[in-house]
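Residue numbers (full-length UniProt numbering): 1 to 251. C-beta atoms are modelled at their ideal positions from N, C-alpha and C, and glycine is treated no differently. Just so you know, these numbers come straight off a predicted model, no measurement behind them. Please read the structure below before turning to the comments.
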């Protein structure tokens, strides 16, 4: 299971803490880093158990779970740019007056109105989550939808793909198995996304790659490695330095 799948399948409490317990490991929901239960981890002269070290990792690598989540695409958070900015300032502990001055809008009472709208959104979200949980027990005909990878860009109907559809596409374009060569990449956009998700599995989340290394890996999937590389970046599966010197898998 990919880290994006683990992320979307986690509970609210797990999402808030930023990691899950998986068998003997603690897994970071934000990047996929794992620490093993029973192992002691040294850091700057201090020793931590696996869970405490995971918390330290989240703080040092991601600053906070809030900072990571607020940075997700607005199609995933459901927040407008304005709401995103307000939440960032509220999280910094700023008063309504300070927020008003920083944003240069309305008055302190205007900010209080925005707080009310956000609180209303929270109430609606709780009810919606409860409805969806209750629906799971009754809706026996709902197809299994493939989770959107959490670093996705331009989230739209292209991501409306069922698990059954994804399996059919992969069997067609990877006739010798998904570890072998890709038959064609001349596909409709939603099917390209299915292929890219699979190709991305050839990279490790904890590694930095040179462009040459990326090309060599992609050549094992398709002769036109450059187009795969471009699409992996474009759709948010991978990222790179502006000068192309370093590439890495986004999880």
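Between 234, 247, 207 and 223, which has its C-alpha nearest residue 33's C-alpha? 207
Pull up the CB-CB distance for residue 4 and residue 150, whole angstroms please, since I reckon it's below 8 angstroms. 5 angstroms
Any idea which residues DSSP pairs residue 68 with across the strands? According to DSSP, residue pairing for residue 68 in a beta bridge does not occur.
If you run the structure through DSSP and keep just helix, strand and coil, what is residue 27? strand
N- and C-terminal bounds of the alpha helix (DSSP H) containing residue 54: Its alpha helix (DSSP H) spans residues 50–62.
Going by DSSP in three states, residue 43 sits in which element: helix, strand or coil? DSSP places residue 43 in strand when its eight states are reduced to three.
Output needed for residue 86: all residues of its chain with C-beta closer than 6 angstroms, excluding positions within five of it in sequence on either side, in chain order. 114
Between residue 166 and residue 146, how many whole angstroms is the CB-CB distance? I'm expecting something under 8 angstroms. 5 angstroms
Would you give the residue range spanned by the alpha helix (DSSP H) that residue 154 belongs to? Unbroken run through residue 154: none, as it is neither H nor E.
For residue 239, report the span of its beta strand (DSSP E) as first-last. 238–240
If you run the structure through DSSP and keep just helix, strand and coil, what is residue 217? helix
Note down the Cα distance separating residue 100 from residue 64, rounded to an integer number of angstroms. 25 angstroms
Do you know whose CA, among 40, 52 and 48, lies nearest residue 20's CA? 52
Please classify residue 133: does DSSP put it in a helix, a strand, or coil? helix
My output table needs one value for residue 230: the three-state DSSP class, helix, strand or coil. helix
Quickly, what does DSSP pair residue 206 with across the bridge? List them, please. Residue 206 pairs with nothing; no bridge assigned.
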